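For reference, each letter of the sequence shown is one residue, going 1 to 299 in my numbering.
Worksheet: the structure to be examined is printed underneath.
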Amino acid sequence: MISRTFNRYIWLLNTLIQHKRLTFEEISNRWDNSRLSDGKPLALRTFHTHRDAIFDLFEIEIKCDTSTYEYYVSTMEPLRKDMTKKWLLNSFTLSNMIEAGHNMKDRILFEEIPHGTEYLQTVIDAMLQSKELEVDYQSFYGHRSTYHMHPYAMKVYNQRWYVVGYIKEKEGIRNIALDRTLELTIGTETFVLPDDFDAEEYYANTVGIFVNENQKPQKVVVRAFGKHVEYMRTLPLHHTQKEIKTIHEEYSDFQYKLCLTPELSTHLLAMGEKVKVLEPEELRSEIKNRLLTTIQNYE
């Protein structure tokens with residue numbers, strides 16, 4: 001359970017994000033109606049302490065307009081630039097709301113992340129200490145292996161946690177899924193994180209978790225039909241998405257710069273008849289062949 005003090009930081013930040021600009025009196029009135037107040041008023045000194053704590057935690061500054069004596073969040077840029085801080089704020093906010101509702105926990109449902117989360121702290125400790133991980137791993141094909149890995153970064157995708165790093169036995173950078181890990185321990189050997197490794201850049205040209213370092217990104221154009229156009233606009237397939245052609249209420253074409261990976265094909269196939277790949281021809285052919293195979297499975 002999150003500490004009560006931390007909940008107050010989240011409450012104050014969200015109150016100002018929602019209402020834009022508020023005087024201390026207006027903030028105090030909202031505080032009095034909050035479950036966090038316990039019937040006690042918000043002291044001005046406590047308010048300023050919370051402002052400082054919010055800046056320390058999220059690098060978000062709450063400023064005061066001296067002409068109106070209104071407080072406001074100066075910028076949300078730190079959250080837009082740092083996905084970890086944004087994820088933490090969203091998580092704590094939701095937890096705060098669930099606690100406030102008491103019996104709401106049975107009405108807010110989450111996707112379950114399977115086996116593997118128990119290793120998160122070990123991986124983070126190894127990353128902080130720059131220590132090698134010894135991993136007892138079993139693939140989906142049943143093959144069991146022991147790997148010695150230099151953990152570079154972590155990523156969550158499709159309800160699974162992955163660790164990316166250099167695996168000695170593979171002589172290269174690979175991903176492992178924590179839910180396929182049977183045992184994981186920190187070794188004694190240390191490693192140095194390469195200066196040229198950037199986790200965001202490593203995944204920059206791919207959809208999902210699979211990276212083929214020998215592949216070059218190329219232009220991909222996908223046509224979305226009907227209402228799915230708005231879905232693509234609000235939830236882009238990839239950060240390189242550009243809408244290059246629109247025929248009102250009929251379809252829109254979206255362009256990307258991507259490596260052609262199995263996960264990209266699977267993602268597009270999951271959209272079914274709502275989309276069509278226009279280029280490259282290599283991707284069009286793969287999607288078509290997989291659809292034909294799917295049809296054959298039903299015959």
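Virtual Cβ for every residue (Gly too), placed ideally from N, Cα, C.
None of the values given here were measured: they were computed from a predicted structure.
Task: Selected residue, minimal CA-CA separation from residue 179, among 211, 158, 255 - done: Translated into positions along the sequence shown, residue 179 becomes position 179. Among 211, 158, 255, the Cα nearest to that of residue 179 belongs to 158.
Task: residue 211 - partner residues in DSSP beta bridges - done: Here residue 211 corresponds to residue number 211 of the sequence shown, with the count starting at 1. For residue 211, which the question treats as bridged, DSSP gives no partner whatsoever.
Open item on the list: Using a 10 Å radius around the Cβ and a threshold of 16 neighbouring Cβ atoms, would you call residue 247 buried or exposed?
Closed with: Your numbering for residue 247 matches position 247 in the sequence shown. Answer is exposed; the Cβ neighbour count stays below 16.
Task: Terminal residues of the alpha helix (DSSP H) in which residue 301 lies - done: The structure shown has nothing for residue 301, since the chain only spans 1 to 299.
- [ ] Compute the beta-carbon to beta-carbon distance between residue 177 and residue 226, rounded to the nearest angstrom, for a pair I have assumed lies under 8 Å.
- [x] Within the sequence shown, numbered from 1, the residue matching residue 177 stands at position 177. Within the sequence shown, numbered from 1, the residue matching residue 226 stands at position 226. So it is not a contact: roughly 35 Å between Cβ atoms.
- [ ] List in chain order: all unbroken alpha helix (DSSP H) runs of 4+ residues lying wholly within the stretch 1-41.
- [x] 4-19, 24-32
Task: Run of the alpha helix (DSSP H) containing residue 194, from where it starts to where it stops - done: Stepping through the sequence shown from its first residue, residue 194 is reached at position 194. That residue, residue 194, is in no alpha helix (DSSP H); it is neither H nor E in DSSP.
TODO: Round the Cβ separation of residue 135 and residue 154 to the nearest angstrom and send it over; I've been treating them as touching at under 8 Å.
DONE: Indexing the sequence shown from 1 puts residue 135 at position 135. Indexing the sequence shown from 1 puts residue 154 at position 154. The Cβ separation is near 14 Å, so there is no contact.
Open item on the list: Using the three-state DSSP reduction, which class does residue 253 fall into: helix, strand or coil?
Closed with: Residue mapping note: residue 253 aligns to position 253 of the sequence shown, counting from 1. Strand, per DSSP.
TODO: Have a look at residue 162 and residue 189 and give me their C-alpha separation to the nearest angstrom.
DONE: Counted from its first residue, the sequence shown places residue 162 at position 162. Counted from its first residue, the sequence shown places residue 189 at position 189. Cα to Cα, residue 162 sits roughly 21 Å from residue 189.
Task: Closest residue to residue 251 among 273, 175, 23 (Cα-Cα distance) - done: Here residue 251 corresponds to residue number 251 of the sequence shown, with the count starting at 1. Among 273, 175, 23, the Cα nearest to that of residue 251 is on 273.
Open item on the list: Please classify residue 35 as buried or exposed, where buried requires at least 16 other C-beta atoms within 10 Å of its C-beta.
Closed with: The residue you call residue 35 lines up with position 35 of the sequence shown. Classification for residue 35: exposed.
Open item on the list: If contact is defined by three or more beta carbon pairs under 8 Å, each pair taking one atom from either stretch, is the stretch 282-298 in contact with the stretch 229-249?
Closed with: no
- [ ] Confirm, please, whether the CB-CB distance from residue 41 to residue 59 is below 7 Å.
- [x] For this step, residue 59 is matched to residue 59 along the sequence shown. For this step, residue 41 is matched to residue 41 along the sequence shown. No; because the gap between Cβ atoms is not below 7 Å, this pair is not in contact.
Task: Residue closest to residue 43, alpha-carbon to alpha-carbon, out of 212, 27, 53, 210 - done: Locating residue 43 in the sequence shown gives position 43, where the first residue counts as 1. Looking at the Cα atoms, 27 is the closest of the given residues.
- [ ] Would you list the residues sitting across from residue 202 in a DSSP beta bridge?
- [x] What you label residue 202 is simply residue 202 of the sequence shown in a count that begins at 1. Beta-bridge pairing links residue 202 to no other residue.
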